[in-house]
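So the structure is just underneath, and the comments pick up after that.
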Amino acid sequence: MTTITLSFDNGPDPDTTPAVLDTLARHDIRSTFFVLGDKLRDRRAIAERAHEEGHWVGNHTFNHIVPLGMSSIEGISTSEIARTQDLIGDLAHPRRFFRPFGGGGILNDNLLNREALRYLMEGGFTCVLWNVIPEDWIYPQGWVERALTLCFQRPHALIVLHDLPTGAMTSLDRFVRTARDRGARFEQDFPRDCVPLERGELVSPMESYVTDASA
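So in the UniProt record's numbering, spot 143 of the sequence shown is number 143, and the numbers just go up one at a time.
Below, the structure is given as structure tokens:
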């Protein structure tokens, strides 16, 4: 049986995120929303609703401009994480979830730099990666079939979707129904191999995700 964990990046969006929450509520599914601090400032009520309905709220940097591993200016990476975490405030899960910006969903050493990794470790963060990228931002009307194919190739899929106003999330209901019809179950927690850092402790090597890393 395939297990699927849903996650949503780059919100909250004033229209799309509430619609996603409505869909998840209909299907009794809990997920994680990795928010951008720059958007959260004026839309915290949406994140509060997600939290109240049992979803987890995670940190996805403040501006989402470039992957942290591509930033060479001292202090920028720390600020990107810290400012967003301050805005999340009491909505944060005790595990303090953080997902790096991957630039097209690519898992490579652009995800983090040494400064960012050090801050995450010292701050007791849990770094959450992914293993399914259906590119819903590129194929807003065609991501469902791609997502289903990718999810059913592994025992536990952690899929990255985007609660953005592209129209892609109008197909979320169809994705969930089809996945369940094919025997999938939905779970909120993440596959262990997508979490290399747990509460600040390395649980698997991270050198391939960190620019000039020795971790």
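Using N, Cα and C, we set each Cβ at its ideal position, and we do this for glycine too.
- Out of Q153, G123, F152, Q141, the CA that lies nearest to the CA of E198 is found in G123.
- Counting only runs of at least 4 residues, the segment 153 to 185 fully encloses the following alpha helix (DSSP H) elements, listed from N- to C-terminal order: 172 to 181.
- When beta bridges are read from the DSSP output, C127 appears opposite F98, L197.
- In the three-state scheme derived from DSSP, where H, G and I count as helix and E and B as strand, I65 is classed as coil.
- In the DSSP assignment, L36 falls outside any beta strand (DSSP E), carrying neither H nor E.
- Taken atom to atom, the span from the alpha-carbon of A47 to that of N113 is near 28 Å.
- In terms of Cβ geometry, F97 and T126 form a close pair [threshold 8 Å].
- Between the segment 155 to 167 and the segment 129 to 146, the count of Cβ pairs shorter than 8 Å is three or higher; the stretches touch.
- The Cβ-Cβ distance between D42 and L164 does not fall below 8 Å.
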